[in-house]
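The structure appears right after this line, and notes come after that.
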Amino acid sequence: MSRIIKSGLIQMSLAKTEGEGTIDEIKQAMLEKHLPYIDEAGQKGVQILCFQEIFNTPYFCPGQDSKWYESAETVPGPTTDLMAEYAKKYQMVIIVPIYEKDGAGILYNTAAVIDADGQYLGKYRKNHIPQTGGFWEKYFFKPGNMGYPVFHTRYAKVGVYICYDRHFPEGARALGINGAEIVYNPSATTVGQSQYLWKLEQPAHAVANGYFMGCINRVGTEKPWNLGKFYGTSYFVNPLGEIFAMASEDRDELLIAEFDLDLIDQVRSKWQFYRDRRPETYDDLTQL
1 MSRIIKSGLI
11 QMSLAKTEGE
21 GTIDEIKQAM
31 LEKHLPYIDE
41 AGQKGVQILC
51 FQEIFNTPYF
61 CPGQDSKWYE
71 SAETVPGPTT
81 DLMAEYAKKY
91 QMVIIVPIYE
101 KDGAGILYNT
111 AAVIDADGQY
121 LGKYRKNHIP
131 QTGGFWEKYF
141 FKPGNMGYPV
151 FHTRYAKVGV
161 YICYDRHFPE
171 GARALGINGA
181 EIVYNPSATT
191 VGQSQYLWKL
201 EQPAHAVANG
211 YFMGCINRVG
221 TEKPWNLGKF
231 YGTSYFVNPL
241 GEIFAMASED
251 RDELLIAEFD
261 LDLIDQVRSK
271 WQFYRDRRPE
281 TYDDLTQL
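Take the sequence shown: its position 201, counting from 1, is numbered 201 in the UniProt record's numbering, and each next residue is one higher.
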């Protein structure tokens, strides 16, 4: 019996930016801009929905302004509580990437996973934190400390890998070993920085690990930072490395795709990477 999943990705440009309101007003405007897309996803029968990296704020990391610490909130907290209501309303798993405050000065780049009954299942904290080329994330985020969890949702076993994480095959492998069937990679990345890698690395992870991926990138340019154009092109890729659904480069969009999780077993039965891997020979990797 086929295991058909309908999943959705939301890519979004800013509603308001610095200078156009308080931080709370900017967050509220971005949240309100997402709500019609969440409703559309629910009404169209999407079973698993994922937003972009720190979805309800600008990508403020090109600067180093501590006032953006104020945009962080607890997880669970008010935003995840609201998303839990939508999850329950539509019987839809929702992955909520958000700026997390775990205590005074303890801040993470996080994604909460909410099951289709509104239950908070847990969170992933971004493990690899860049400090290069205008992405000054170490100023804002501590490295994750929760490993590579896989969440057993109503519809599938789901992992999360956030933006810069995707450059590291080790965590992608860990998610596969931990049982992920779909890995979502919410991102914020620009044309000059990474576009040549966007359609290369994640299909490679999908092939190497025999799972599906949903890859999300925001759109537009964000003042006053002007880091460059966020190029959208959110997409789904299957375990054969085939990109089978893709969003536009330059507009707000809900991308919806259906796919059969049974393809995972078919691919892994041919390409026995999990059988043939040699972890006992890899010890030196953690010493280098």
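For every residue, glycine included, the Cβ atom is placed at its ideal position computed from N, Cα and C.
Which residues does DSSP list as the beta-bridge partners of residue i?
i	result
residue 167	Residue 167 pairs with nothing; no bridge assigned.
residue 97	111
residue 123	112
residue 236	214 and 245
residue 159	150 and 183
residue 50	9 and 95
residue 254	10
residue 323	An answer regarding residue 323 cannot be provided, because it is not within the stretch 1 to 288 covered by the chain.
How many whole angstroms separate the CB atoms of residue i and residue j, which I take to be in contact at a CB cut-off of 8 Å?
i	j	result
residue 157	residue 150	5 Å
residue 69	residue 31	About 19 Å separates the two Cβ atoms, so there is no contact after all.
residue 211	residue 180	5 Å
residue 114	residue 80	7 Å
residue 259	residue 5	6 Å
residue 84	residue 59	That belief does not hold up - the Cβ atoms of residue 84 and residue 59 are roughly 25 Å apart, past 8 Å.
residue 178	residue 159	7 Å
residue 116	residue 154	4 Å
Tell me the DSSP secondary structure of residue i in three-state form.
i	result
residue 225	coil
residue 66	helix
residue 266	helix
residue 81	helix
residue 248	coil
residue 132	strand
residue 196	helix
residue 231	strand
residue 191	helix
residue 144	coil
residue 103	strand
residue 288	coil
residue 73	strand
residue 87	helix
residue 203	helix
residue 290	Since the displayed the chain opens at 1 and closes at 288, residue 290 lies outside it and no answer follows.
residue 20	coil
Taking the alpha helix (DSSP H) that residue i belongs to, which residues open and close that run?
i	result
residue 30	23-43
residue 211	Taken as a continuous stretch (DSSP letters only), residue 211 belongs to no alpha helix (DSSP H), as it is neither H nor E.
residue 273	273-276
State the start and end residues of the unbroken beta strand (DSSP E) segment that holds residue i.
i	result
residue 184	182-187
residue 7	4-11
residue 261	No beta strand (DSSP E) contains residue 261, which DSSP labels as neither H nor E.
Okay, do the segment 239-254 and the segment 185-204 touch, 3+ Cβ pairs below 8 Å being the bar? They touch, by the three-pair rule.
For the structure I just gave you, are there three or more beta carbon pairs, one from the segment 210-227 and one from the segment 47-64, closer than 8 Å? These segments touch.
Is there contact between the segment 96-104 and the segment 71-80, where contact requires at least three CB pairs shorter than 8 Å? The way I'd put it, the segment 96-104 does touch the segment 71-80; three or more beta-carbon pairs between them come closer than 8 Å.
Inter-stretch contact (C-beta, 8 Å, three-pair minimum) for the segment 188-199 and the segment 7-17: No, the segment 188-199 is not in contact with the segment 7-17.
Closer than 8 Å is the cut-off here; do at least three beta carbon pairs connect the segment 261-277 with the segment 36-48? Between the segment 261-277 and the segment 36-48 there are fewer than three inter-stretch CB-CB distances shorter than 8 Å, so the stretches are not counted as touching.
Quick check: the segment 124-139 against the segment 163-176, are at least 3 beta-carbon pairs closer than 8 Å? The segment 163-176 vs the segment 124-139: in contact.
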